Amino acid sequence: MSTLTLFLLASLLLLGIGLAGLVTRRTLVGMLISVELMLNGAGLAIVAAAKCTPASDVHGQLAALFVMGLAAAEATLVLAMILVVQRRFGKVTLDEVSVIRADGKPAGH
Amino acid sequence: MDQAIEKLLASLWSPFDALEALIAGWLPGQQVAAIAAFAFYVLVLLAGGLMAVGCRNLVRAMLGLVLTFLGVAGMYLLLASPFLAFMQLLIYVGAVCVLIFFAIMLTKNTGEGEESKLPSPATAVYGILAGLLPLLVLGPLVIAGADRLPQVAYGQTDTRLLGEGLITRDVVGFELISIILLVAMAGAVFLAWRKPGKNKNESEAD
Chain A
1190 MSTLTLFLLA SLLLLGIGLA GLVTRRTLVG MLISVELMLN GAGLAIVAAA
1240 KCTPASDVHG QLAALFVMGL AAAEATLVLA MILVVQRRFG KVTLDEVSVI
1290 RADGKPAGH
Chain B
1450 MDQAIEKLLA SLWSPFDALE ALIAGWLPGQ QVAAIAAFAF YVLVLLAGGL
1500 MAVGCRNLVR AMLGLVLTFL GVAGMYLLLA SPFLAFMQLL IYVGAVCVLI
1550 FFAIMLTKNT GEGEESKLPS PATAVYGILA GLLPLLVLGP LVIAGADRLP
1600 QVAYGQTDTR LLGEGLITRD VVGFELISII LLVAMAGAVF LAWRKPGKNK
1650 NESEAD
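Taken in sequence, the protein lines are chains A and B.
Note that the first sequence covers residues 1190 to 1298 in this note's numbering.
Note that the second sequence covers residues 1450 to 1655 in this note's numbering.
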């Protein structure tokens, strides 16, 4: 096992924890937290792969910065979506927003 | 494939070989420090991640997320990328966490909301399976495959090279992320915009 393997396993750990959270969380906010965990794992894997192999490490770090920017943009948009869902349904649980209808009312209401 | 399994088993039985390999290329005096730092950061990652996923209180979950961000920043330091570690703290802890905190507070999801209930047993099983699947599928691949790549000992990256890359060779990526951030910001304003003169009930009715 090499340095690269250890760092990749650490990022894999983040991916696994994030996926588990994504499945078990009930609300959109909890899922946002899990997605951020997975994005961190991705950044770590990119930087480790660029650093430990002969690939250009400047490019690897720029790619990780790109991931960070995307994560910031994604968090902004998800916050706006959460606001809209909260305003419309009163809750941000997934069970609540799993119905798409023209009148916007969940089934059974 | 047999070889890969053999390698996996061997790595399970000799974790100290792995740690020794971790610091190959470092000065001997720094070996112990590198081992200790890596183990410490992995523990921080694990504790923060479990807290972020397991805590029923979303504010605590966010604090676990901060802990994970700090652990990843430490990993970047171990990878001799201090600029990325700094950006990790600035962007994730400084900006993304504040956004998440706003989301928690605006949805009043702090203590006794939906998230305070435990997930149903079926959901918990699915969650554990979803977490284990990448570990079981990708883990052996990483252990068997990463060693086949040519590896180099690394030094610290000059931050000046990153800046030069951003304004010369990789300017497309730089402009692209600028546009993405601008569009995301405009989209967020558009989505959350409530027309003046309309009260809450009307906007819910339409």
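Ideal Cβ placement from N, Cα and C applies to all residues, glycine included.
Since this is a predicted model, take the numbers as computed values, not measurements.
Distance between beta carbons of residue j and residue i, contact taken as under 8 Å
i: Ala1637(B); j: Ala1269(A); result: 4 Å
i: Thr1216(A); j: Val1281(A); result: 5 Å
i: Ile1271(A); j: Ala1510(B); result: Their Cβ separation, rounded to whole angstroms, is 15 Å, which puts Ile1271(A) and Ala1510(B) out of contact at 8 Å.
i: Leu1193(A); j: Leu1598(B); result: 7 Å
i: Leu1283(A); j: Phe1487(B); result: 37 Å between Cβ atoms; not a contact.
i: Leu1208(A); j: Ala1579(B); result: 5 Å
i: Ala1529(B); j: Gly1614(B); result: Ala1529(B) to Gly1614(B), Cβ: 17 Å. No contact.
i: Val1212(A); j: Tyr1575(B); result: 5 Å
i: Leu1141(A); j: Gly1230(A); result: There is no way to answer for residue 1141(A), as the model of chain A reaches only from 1190 to 1298.
i: Ala1641(B); j: Val1273(A); result: 7 Å
i: Leu1499(B); j: Ile1206(A); result: 7 Å
i: Leu1302(A); j: Leu1587(B); result: With chain A running from 1190 to 1298 in the structure shown, residue 1302(A) is simply not present.
Beta carbon proximity, residue i to chain B, threshold 9 Å
i: Ser1287(A); result: no
CB contact below 9 Å: residue i versus chain A
i: Thr1572(B); result: yes
i: Phe1489(B); result: no
i: Ala1486(B); result: no
i: Ala1641(B); result: yes
i: Thr1606(B); result: yes
i: Ala1482(B); result: no
i: Ile1409(B); result: One cannot answer for residue 1409(B) here, as it falls past the ends of chain B, which runs 1450 to 1655.
Cut-off 7 Å between Cβ atoms - residues of its own chain near residue i, not counting five sequence neighbours on either side
i: Val1542(B); result: Val1515 and Phe1518
i: Cys1546(B); result: Met1511, Leu1514 and Val1515
i: Val1218(A); result: Ile1271 and Val1281
i: Asp1246(A); result: Ala1239 and Lys1240
i: Thr1608(B); result: Phe1532
i: Cys1504(B); result: Ala1510 and Gly1513
i: Val1481(B); result: none
Same chain, Cβ closer than 8 Å to residue i, five either side skipped, listed in chain order
i: Ser1191(A); result: Cys1241
i: Ala1264(A); result: Leu1221 and Glu1225
i: Val1493(B); result: Leu1516, Thr1517, Leu1519, Gly1520 and Gly1523
i: Leu1251(A); result: none
i: Phe1550(B); result: Val1508 and Met1511
i: Gly1622(B); result: Leu1615
Beta-carbon contacts of residue i that lie in its chain and below 6 Å, excluding the five residues immediately before and after
i: Leu1660(B); result: Lying before the first or after the last residue shown, residue 1660(B) is absent from chain B, which here runs from 1450 to 1655.
i: Gln1275(A); result: Val1281
i: Ala1534(B); result: Ala1522, Tyr1525 and Leu1526
i: Thr1606(B); result: Ser1530
Can you pull out the residues from the segment 1528-1556 of chain B whose beta carbon lies closer than 8 Å to at least one beta carbon of chain A? Cβ contacts with chain A come from Leu1528, Ala1529, Ser1530, Phe1532, Leu1533, Met1536, Gln1537, Ile1540, Tyr1541, Ala1544, Val1545, Leu1548, Ile1549, Phe1551, Ala1552, Ile1553, Leu1555 and Thr1556.
What are the residues in the segment 1208-1225 of chain A lying within 9 Å of chain B by C-beta distance? Leu1208, Ala1209, Gly1210, Leu1211, Val1212, Thr1213, Arg1214, Arg1215, Thr1216, Leu1217, Val1218, Gly1219, Leu1221, Ile1222, Ser1223 and Glu1225: these are the residues of the segment 1208-1225 of chain A whose beta carbon lies less than 9 Å from some beta carbon of chain B, given in chain order.
Can you pull out the residues from the segment 1494-1525 of chain B whose beta carbon lies closer than 9 Å to at least one beta carbon of chain A? If the cut-off is 9 Å between Cβ atoms, the segment 1494-1525 of chain B has Leu1494, Leu1495, Gly1497, Gly1498, Leu1499, Ala1501, Val1502, Gly1503, Leu1507, Ala1510, Met1511, Gly1513, Leu1514, Thr1517, Phe1518, Gly1520, Val1521, Met1524 and Tyr1525 near chain A.
Do the segment 1539-1555 of chain B and the segment 1250-1265 of chain A touch if we need at least three Cβ pairs shorter than 8 Å? Per the Cβ contact rule, the segment 1539-1555 of chain B is in contact with the segment 1250-1265 of chain A (3 or more Cβ pairs under 8 Å).
How about the segment 1225-1236 of chain A and the segment 1521-1532 of chain B: do they share at least three Cβ pairs that are nearer than 8 Å? The segment 1225-1236 of chain A vs the segment 1521-1532 of chain B: in contact.
Below 8 Å, can you find three or more Cβ-Cβ pairs linking the segment 1222-1230 of chain A to the segment 1579-1595 of chain B? Between the segment 1222-1230 of chain A and the segment 1579-1595 of chain B, the count of C-beta pairs closer than 8 Å stays below three; the two stretches do not touch.
Taking Cβ-Cβ distances below 7 Å as the criterion, which residues of the segment 1622-1633 of chain B are in contact with chain A? Close to chain A, meaning a Cβ-Cβ distance shorter than 7 Å, are the following residues of the segment 1622-1633 of chain B: Gly1622, Ile1626, Ile1629, Leu1630 and Ala1633.
So if I threshold CB-CB distances at 8 Å, which residues from the segment 1259-1280 of chain A count as touching chain B? Listed in sequence order: Leu1259, Ala1260, Ala1261, Ala1262, Glu1263, Ala1264, Thr1265, Leu1266, Val1267, Leu1268, Ala1269, Met1270, Ile1271, Leu1272, Val1273, Gln1275, Arg1276, Arg1277 and Lys1280.
Members of the segment 1582-1603 of chain B near chain A, C-beta cut-off 8 Å: Within the segment 1582-1603 of chain B, the residues whose Cβ lies closer than 8 Å to some Cβ of chain A are Leu1582, Pro1583, Leu1584, Leu1587, Gly1588, Val1591, Ile1592, Ala1595, Asp1596, Leu1598, Pro1599, Gln1600, Val1601 and Tyr1603, listed in chain order.
Got a sec: which bits of the segment 1235-1256 of chain A sit with their beta carbon under 7 Å from any beta carbon on chain B, in order along the chain? Correct list: Val1236, Ala1237, Lys1240, Cys1241, Thr1242, Pro1243, Asp1246, Val1247, Gln1250, Leu1251, Ala1253, Leu1254 and Phe1255.
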